[in-house]
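For the sequence shown, position 267 (counting from the first letter as 1) is numbered 267 according to the working numbering, and the numbering increases by one without interruption.
All residues carry an ideal CB built from backbone N, CA and C; glycine is no exception.
A quick write-up on the structure given underneath.
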Amino acid sequence: MLPATARVTKFLQGTPSVAFREFRPAEGSCRNLTRQILMSPGSTQQRAVEIASVTHRYGERTALDAVSFDVRAGEIFGLLGPNGGGKTTLFRLVSTLIPLQSGAVRILGHDVARDTHAARRAMGVVFQAPSLDKKLTVAENLVHQCHLYGLAGRMLHERVAEMLARLRLSDRRDDRVETLSGGLRRRVELAKGMLHEPRVLVLDEPSTGLDPGARADLWEYLRLIRKEQGVTILLTTHLLEEADKADRLAILDRGKLVALDTPESLRATVGGDTLALESDDPDALAAGIRERFGYEARRFDDVVRIEQPEGHRLVAQLVEAFPGRIQSVMLGKPTLEDVFIARTGHRFLGEERAPTETKKRRHAG
């Protein structure tokens, strides 16, 4: 992996300050700069990000397989998938860290392959791995980022002061980054990504390593900039609870787009209730349920899953029908993991689970 400074430099490479001066109005307003980018030829307010038939391979392995979807202007859009699903590769393609092999990606109408400079100017990027210089203060990190984007003078100081205030970092401006908590460092990363007032903010696993309070602060800020500034947000995540907060969601698995809709609509496709039965012999239990009740019962690890309307009515029947063979029963409404299982036939395996993402458990007596 590239060092932090190298990643930022690679993203900004070929985007010198003179390119910004060509767009900068006489009064030096950064907001007018953003408007000019938005109003440039080829931009669109309906589709902030367009992914068209993107395929990417690492040697013989296909990381993305003809993935296509649009992100609407002003929405919070989530890319959900387990490790190896393809979401990080797509993030790198969107943020121009790696070149496209096949297909097209457009940011506000700017093709990232043919109009890379304009695409980079139109978006802010927050990496999963820290990109801060820990030996510099909070303010020094932001000033350095402003220089990379060609901001100077009064505009620079105004933007730094505004972002420090907006992210509640003003009292930490002179603290070295190495002294900050993980949540505070993430706020500094967000400030860096928003310094040039992009209309699209792209984030890779923004909640990784954050405690529940810091995660809540992150989402509060994302909703704020969407509401007040109309910023379109595209983020990757392996956290099912976090994906549930997005306006719309694309689910990736093994490089393929397996689902695309609002979280509510996706859960509605599963239907009914979900029963998860733990057993010492799940294969025999699944076969017995299919034979006796005619329900579709599938095994995942040591658990047998059934999807049926009014699932609570089945609990007593199942326990009575298979005495001593069911250790516990988990009953709940469909979740995004149930959607993932229904679309892929296997369980969602992420690095961690949010602690609140649980179902009501009933133990068989």
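Q) What did DSSP end up calling PHE23 once you bin it into helix, strand or coil? A) The predicted model places PHE23 with a pLDDT of 34, which falls under 50 and marks its position as unreliable; any figure quoted below should be read in that light. If DSSP states are grouped into helix, strand and coil, PHE23 belongs with the helices.
- Query: Curious, which full-length beta strand (DSSP E) runs of at least 3 residues does the stretch 236–263 contain?
  - Reply: 248–253, 256–261
**Study point:** Cβ neighbours of ALA52 in the same chain (closer than 7 Å, five flanking residues each side left out)
**Key:** SER68, GLY103, ALA104
| request: State the CB to CB distance for the pair LEU164 and ARG173, rounded to an integer number of angstroms; the pair is presumed to be in contact (CB under 8 Å). | output: 5 Å
Legend entry - Strand pairing of ARG305, partner residues [DSSP]: ALA276, ARG298
Quick check on DSSP: helix, strand or coil for SER170? helix
Problem - CA-to-CA distance, THR269 to LEU190, given in whole angstroms - result: 35 Å
Can you tell me where the alpha helix (DSSP H) with ALA284 in it begins and where it stops? 282–293
### Message
With distance defined between alpha-carbon atoms, name the residue in LYS135, LEU180, PRO263, GLN229 nearest to LEU195.
### Response
GLN229
* Let me know the secondary structure DSSP gives SER68 once reduced to three states. => strand
Item checked: Cβ neighbour criterion (16 or more within 10 Å) applied to GLY271 -> exposed
inquiry  = If distances are taken between C-alpha atoms only, which option among ALA152, LEU235, ARG292 comes closest to ARG248?
reply    = LEU235
**Request:** Between the Cα of LEU210 and those of GLU75, THR62, GLN128, spot the shortest distance and give me the residue it belongs to.
**Result:** GLN128
Through-space distance from LEU336 to GLU241, alpha-carbon basis
9 Å
| said: I believe GLY124 touches LEU201 by the beta-carbon criterion, under 8 Å. Please report the beta-carbon distance rounded to the nearest angstrom. | reply: 5 Å
- Could you please give the first and the last residue of the uninterrupted beta strand (DSSP E) stretch that includes ALA52? 47–58
Exercise. Is the stretch 220–227 close to the stretch 58–73, with three or more CB pairs under 8 Å?
Worked result: no
Within 10 angstroms of its Cβ, does ARG313 collect 16 or more other Cβ (buried), or is it exposed? exposed
Fill in: Ranges of the beta strand (DSSP E) found wholly within the stretch 76–117, counting only runs of at least 3
76–80, 102–107
Beta-carbon gap between THR274 and GLY345 smaller than 8 Å = no
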